[in-house]
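Q: Protein chains in written order, with the numbering used here: chain C, 264 to 893; chain P, 191 to 486; chain U, 4 to 188.
Handing you this structure, nothing more for now.
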Ligand code: SF4
């Protein structure tokens, strides 16, 4: 069933290549239909835990290499939400891509990507995971950069980091395979645990390889720079897919592989160093997450490009989720998973609304925009709810998961991690408000006087996402109950939760009450508002200008919009401290690679003989290496 | 249901009335520091009624909406705070994390409302306020974490119960450094001098309030009043043992407020980036020291 | 037709009750045009303590109830004052300080200073003197408060009713001086 649906989707993608450019929208309607059916298919698999499929690729000797798919609570939750969100993005794309030049390749690869996406989540062993992981990396390369020079430069970072990460993971997988002779995930975890007891440096090395693979994909420190490049240069609707969905693979891998491993270690190991009742390794990874979120927050405060800002915000949120996951309490893991899902929803909403802004205005620099809320109310509301959720403000979904993260950090006694998360959370409020103000509030530049709201078809996904944010905010159980079954399948203690109420060791929250309190207070404020004398609307430039008439003054609305260098004094606070620029580091790294490459190329192509030398040498090296290892 | 609604209204009105009263007394107090008399202690009520009786302008629906949301956010936060012996909901007696996050709605609403007015002065004020928020949140959160650890609960009510039994049981005595840090943070939260760069009247024309007229300014006033009530209330619950008696509770709040007013009466104004630096140095160090002492 | 009697537009009913609060909380915007500005700080601070009456300075016209024209008003400033006045929200009042806004004072024959403020804006109260001392200012304020309570300080309504007339006057004076103040036009 799973495999056939994949083949069906790939076939559709191939067929869609024959659709002419004038009929772009037909292609996207087709994709939406395919995604809808995939979503439905995954939905029907709810509860079929353990259902598996296998497809033999080849057998070498007695060893079978096959694609294995399996439905587990974890894979179901992730694949269901991601496919559903891709569906809503593709609805958005129907109109958005009607006149897009390079749209054909985008759509084609994107549908393949959606297939890879489901396959990654459903894969039952490490080999399948790796195959689709790699396929996803390659395919996404073509979607981010459909022949545009600027995005090609940007995507390089992403691509190279991802490839390196994937190969690190491959090294890890094969090391493990050499020990356990199987690709099965559970037995590999057990094998690795045994290795920790016997030969812990080697085990740490293997784990580190996996960590590299996962962290490059999820853009945790020190690989945090690629989203800002790639997410901001990708096609606008694809950015939401990148940021909402694709960046989560690394965390998914961590939950799948690293968390059970660390839980094992913390429960049974005698030899491994512990701190705060969790393995030191895991504690360090949690710190990496927290530092990532703080760094990303400060970088987001500095950015003036709205998509870049949203991309940094994504990195920050991934940081929270990683911190929460790696402290290994069931509250933490549940909070992390919940936050991943919530982030997928609200970040998709944010990026879609930014895509809508760009669709109408063709601007990305925030100081050139402004006042669009008065022209595009639905987009504004989507963005507003998105940032309310992203800043973790009740009563939307973001606060529920952040609440859980704090509870887990506090009940696990990690005061400084909690402070870091608080810091980046407040910072998140800062930069998100900046985006809200610069793009949607303030003065409307006169060139946007006749901007209209996006077409209704593009509004539909926004309505859906807003509804999702509100519903999950009021009934966190809709996601948390499935999360509980994940915890059960991972042999972890379940958290106490009902449809409406979340409990922790420290306190409990009844989400509908939180919502009702807010609604009630708003009603109270509204009554007061009605009691006061009626107000009258005036136009935007009828404003306090210290008595000067703006018309005579030559003051335009653009000039009266305060958006550029919004937090400049704050940025200057850090001027005195030396700055390490990760991007520069990578740039210099790139130059080095280029130099080496051209050197080798020169050497290689100077005479055929030297090429033969190199070839033989490498073969010999490989043989010696293999001989040493086995 | 009706019961809950009545309790809700009681909390809302108490906070507004007490907040306005505190404001009035604070004005009187600061006037005495500066050796004059100022108006009657009920001056703030007169001001609010006058503001609501004035005509007003707004620039668009977002401004209306944002200003109401700002006020609603603070009121909603007060609903979760134990006011003396009184709690609106029996099961969530002051969940401090919810309170911290709920407060943000108020800020977001106000910020959104005034940003929609399109006046750069307002937005500069908001930018300053948000930057300052990044400063005072850190020491405040550290003290909150300390108390959560100490009481093994994030409910304010539990903290209050654990402080019963006299003056010496108060967290202010038990954790003096943290109390000091919280007091400094409170100064920043209330936007009193020396941390009032966001409402500098002659520099940026009173910042966020620049375009607020009539009832919009009235909402601003009410929000500030409720905020005074809320934030002093939180500190009283956290450090000064709350109270089982409304009047003692209010008296503690008032004492705390007068303390901040007195400090503000004699200080000039920090540049706000210096204020953020200050918050990250002195009070954060105090709170961290207390936390480390506690953990050890 | 210029409406001169305030009797027809006096506040009645509910407004009279609200006026009680309004008079006790007059927030002022002092437009420091002339010498008079220097008399305000002592009025505001400890010595004369204007805050006793609930009065206080405000930063922008949107927030203020009371516009103080503190002294002579050049035509250049007049434009700004009118703009500011129109940005204020009703109910709003204007107090003119000193002799200059009444009849021109020592600037009665100046080419660039207006002689009678009441031609261009509805002045609710004039405080004479050159310069009025704080006692006189406080006295003026209390008079205004009484007028507000009685519902008689309704200059803003007058301005609304006779808008055309005021506008014509303003246009007149602005046009007359535009030859001198060319860069302004
Ligand atoms: S009345 Fe006298 S003090 Fe006042 S502005 Fe005129 S000249 Fe100056």
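Quick reminder that beta carbons are idealized off the backbone N, C-alpha and C, glycines included.
Just so we're clear, the structure is a prediction, and the values are computed from it rather than from any experiment.
Can you list the residues of chain P that residue 662 of chain C reaches, using a CB-CB cut of under 7 Å?
A: The residue given as residue 662 of chain C occupies position 399 in the first chain. Here the neighbours are 291.
Q: Please find out if some non-hydrogen atom of the ligand SF4 comes closer than 7 Å to the beta-carbon of residue 109 of chain U.
A: Within the third chain, residue 109 of chain U is the residue found at index 106, counting from 1. For the ligand SF4, at least one heavy atom lies less than 7 Å from the Cβ of residue 109 of chain U.
Q: Sorted by chain position, which residues of the same chain lie with C-beta nearer than 7 Å to residue 311 of chain P's C-beta, five sequence neighbours on each side aside?
A: Numbered from 1 along the second chain, position 121 holds the residue referred to as residue 311 of chain P. Answer for residue 311 of chain P: 394, 395, 397, 400, listed in chain order.
Q: Mind checking if residue 21 of chain U is an interface residue toward chain P, Cβ cutoff 8 Å exclusive?
A: On the third chain, position 18 is the one that residue 21 of chain U refers to. True, the Cβ-Cβ gap to chain P drops below 8 Å.
Q: Provide the residue span of the alpha helix (DSSP H) that contains residue 464 of chain P, from first to last.
A: Within the second chain, numbered from 1, the residue matching residue 464 of chain P stands at position 274. Looking at the DSSP string, the run of the alpha helix (DSSP H) that includes residue 464 of chain P is 462-485.
Q: Which whole-angstrom value describes the C-beta separation of residue 717 of chain C and residue 635 of chain C, a residue pair presumed to lie in contact below a C-beta threshold of 8 Å?
A: Here residue 717 of chain C refers to the residue found at position 454 of the first chain. Here residue 635 of chain C refers to the residue found at position 372 of the first chain. About 11 Å separates the two Cβ atoms, so there is no contact after all.
Q: Could you tell me the distance, in whole angstroms, from the CA atom of residue 314 of chain C to the CA atom of residue 742 of chain C?
A: For the purposes of this step, residue 314 of chain C is taken as the residue at position 51 of the first chain. For the purposes of this step, residue 742 of chain C is taken as the residue at position 479 of the first chain. The straight-line gap from Cα to Cα measures roughly 21 Å.
Q: Thinking C-beta only, is residue 477 of chain P closer than 8 Å to residue 390 of chain P?
A: Counting from one through the second chain, the residue named residue 390 of chain P turns up at place 200. Counting from one through the second chain, the residue named residue 477 of chain P turns up at place 287. Not closer than 8 Å, so no.
Q: Throw me the rounded Cβ distance for the residue 435 of chain P and residue 274 of chain P pair, which I believe falls under 8 Å.
A: If you number the second chain from 1, residue 435 of chain P lands on position 245. If you number the second chain from 1, residue 274 of chain P lands on position 84. Yes, they are in contact, since the Cβ atoms of residue 435 of chain P and residue 274 of chain P sit about 6 Å apart, within 8 Å.
Q: Are residue 390 of chain C and residue 451 of chain C touching if we call contact CB-CB under 8 Å?
A: On the first chain, residue 390 of chain C is found 127 positions in, with the first residue counted as 1. On the first chain, residue 451 of chain C is found 188 positions in, with the first residue counted as 1. No; because the gap between Cβ atoms is not below 8 Å, this pair is not in contact.
Q: Mind checking whether the beta-carbon of residue 34 of chain U lies closer than 7 Å to any heavy atom of the ligand SF4?
A: The sequence position of residue 34 of chain U within the third chain is 31, counting from 1. The answer is no for residue 34 of chain U.
Q: When you compare each of P:357, P:333, P:280, P:349 to residue 373 of chain P by their alpha carbons, which one comes out closest?
A: In the second chain, the residue the question calls residue 373 of chain P occupies position 183. Residue P:333 is the option with its Cα nearest to residue 373 of chain P.
Q: Would you mind listing the alpha helix (DSSP H) stretches within the segment 205-263 of chain P that are 4+ residues and don't spill past its ends, in chain order?
A: Unbroken alpha helix (DSSP H) runs of no fewer than 4 residues, entirely contained in the segment 205-263 of chain P, are found at 233-242, following chain order.
Q: Would you tell me roughly how many angstroms separate the C-alpha atoms of residue 187 of chain U and residue 87 of chain U, rounded to the nearest one?
A: Taking the third chain and counting its residues from 1, one reaches residue 187 of chain U at position 184. Taking the third chain and counting its residues from 1, one reaches residue 87 of chain U at position 84. Interpretation of residue 187 of chain U is limited by its pLDDT of 49, a score under 50 that renders its predicted location unreliable; no figure is taken from the coordinates.
Q: Residue 368 of chain P and residue 320 of chain P look like a contact to me (Cβ under 8 Å); what is the Cβ gap, rounded to whole Å?
A: Translated into positions along the second chain, residue 368 of chain P becomes position 178. Translated into positions along the second chain, residue 320 of chain P becomes position 130. That pair is no contact at about 25 Å.
Q: For a test of the three-state rule: what should DSSP assign to residue 457 of chain P, helix, strand or coil?
A: Here residue 457 of chain P is taken as the residue at index 267 of the second chain, counted from 1. Residue state, collapsed to three classes: coil.
Q: Where does residue 162 of chain U sit, in a helix, a strand or coil, going by DSSP?
A: Here residue 162 of chain U is taken as the residue at index 159 of the third chain, counted from 1. Of the three classes helix, strand and coil, the one that applies to residue 162 of chain U here is helix, per DSSP.
Q: To the nearest angstrom, how far is it from the Cα of residue 735 of chain C to the Cα of residue 762 of chain C?
A: Working through the first chain from its first residue, we reach residue 735 of chain C at position 472. Working through the first chain from its first residue, we reach residue 762 of chain C at position 499. So the alpha carbons of these two residues sit roughly 10 Å apart.
Q: Have a look at the DSSP bridge pairing and note the partners of residue 657 of chain C.
A: Position 394 of the first chain, counting from 1, holds the residue named residue 657 of chain C. In the DSSP output, where bridge partners are listed per residue, residue 657 of chain C has none listed.
Q: Have a look at residue 531 of chain C and residue 542 of chain C and give me their C-alpha separation to the nearest angstrom.
A: Position 268 of the first chain, counted from the start, is the residue given in the question as residue 531 of chain C. Position 279 of the first chain, counted from the start, is the residue given in the question as residue 542 of chain C. Residue 531 of chain C and residue 542 of chain C: Cα-Cα distance of roughly 11 Å.
Q: Exposed or buried, which one is residue 460 of chain P when buried takes at least 16 other CB atoms within 10 Å?
A: Your numbering for residue 460 of chain P matches position 270 in the second chain. Residue 460 of chain P is buried by the Cβ-count criterion.
Q: Tell me where the beta strand (DSSP E) around residue 319 of chain C begins and ends.
A: For the purposes of this step, residue 319 of chain C is taken as residue 56 along the first chain, with counting starting at 1. Counting along the chain, the beta strand (DSSP E) containing residue 319 of chain C begins and ends at 315-323.
Q: To which residues of the same chain is residue 178 of chain U closer than 6 Å at the C-beta, ignoring the five residues directly before and after it?
A: Taking the third chain and counting its residues from 1, one reaches residue 178 of chain U at position 175. Cβ neighbours of residue 178 of chain U beyond the five flanking positions: none.
Q: Residue 63 of chain U versus chain C: which residues are under 7 Å apart at the beta carbon?
A: One-based indexing of the third chain puts residue 63 of chain U at position 60. Per Cβ cutoff of 7 Å: 807.
Q: Helix, strand or coil: which one does DSSP assign to residue 54 of chain U?
A: In the third chain, the residue the question calls residue 54 of chain U occupies position 51. Of the three classes helix, strand and coil, the one that applies to residue 54 of chain U here is helix, per DSSP.
Q: Is the beta carbon of residue 723 of chain C closer than 8 Å to that of residue 337 of chain C?
A: For the purposes of this step, residue 337 of chain C is identified with residue 74 of the first chain, where counting begins at 1. For the purposes of this step, residue 723 of chain C is identified with residue 460 of the first chain, where counting begins at 1. No, the pair does not count as a contact, with Cβ atoms beyond the cut-off.
Q: For the segment 81-111 of chain U, which residues have a beta carbon sitting closer than 8 Å to at least one beta carbon of chain C?
A: 82, 83, 84, 86, 87, 90
Q: Would a check of beta-carbon distances place residue 817 of chain C closer than 8 Å to chain U?
A: Numbered from 1 along the first chain, position 554 holds the residue referred to as residue 817 of chain C. Chain U, which has no Cβ nearer than 8 Å to the Cβ of residue 817 of chain C, makes this no.
Q: Looking only at C-alpha atoms, which of P:431, P:227, P:465, P:272 sits nearest to residue 377 of chain P?
A: Residue mapping note: residue 377 of chain P aligns to position 187 of the second chain, counting from 1. Nearest C-alpha to residue 377 of chain P: P:465.
Q: If residue 674 of chain C and residue 767 of chain C are in contact, beta carbons under 8 Å, what's the gap, nearest whole angstrom?
A: As a working note, residue 674 of chain C is residue 411 in the first chain. As a working note, residue 767 of chain C is residue 504 in the first chain. Going by Cβ atoms, the distance from residue 674 of chain C to residue 767 of chain C rounds to 6 Å, so yes, they are a contact pair.
Q: If I measure Cβ to Cβ from residue 433 of chain C and keep anything under 7 Å in the same chain, skipping five residues before and after, which residues do I get?
A: Mapped onto the first chain, residue 433 of chain C falls at position 170. Within the same chain, residue 433 of chain C has close Cβ partners 393.
Q: To the nearest angstrom, how far is it from the Cα of residue 45 of chain U to the Cα of residue 142 of chain U?
A: Stepping through the third chain from its first residue, residue 45 of chain U is reached at position 42. Stepping through the third chain from its first residue, residue 142 of chain U is reached at position 139. CA-to-CA, the gap between residue 45 of chain U and residue 142 of chain U works out to about 14 Å.
Q: Can you list the residues of chain U that residue 233 of chain P reaches, using a CB-CB cut of under 9 Å?
A: The residue labelled residue 233 of chain P in the question sits at position 43 within the second chain. Going along chain U in sequence order, the residues near residue 233 of chain P (Cβ under 9 Å) are 27, 28, 54, 57.
Q: Do the CB positions of residue 342 of chain C and residue 385 of chain C come within less than 8 Å of each other?
A: Start at 1 with the first residue of the first chain, and residue 342 of chain C comes out as number 79. Start at 1 with the first residue of the first chain, and residue 385 of chain C comes out as number 122. Less than 8 Å separates the beta-carbon of residue 342 of chain C from that of residue 385 of chain C.
Q: Checking the sheet assignment: what are the DSSP bridge partners for residue 31 of chain U?
A: The residue labelled residue 31 of chain U in the question sits at position 28 within the third chain. Residue 31 of chain U pairs with U:60, U:69.
Q: Between residue 55 of chain U and residue 229 of chain P, how many whole angstroms is the CB-CB distance? I'm expecting something under 8 Å.
A: Taking the first residue of the third chain as position 1, residue 55 of chain U is located at position 52. Taking the first residue of the second chain as position 1, residue 229 of chain P is located at position 39. With 8 Å as the limit, residue 55 of chain U and residue 229 of chain P qualify as a contact, their Cβ atoms being about 6 Å apart.
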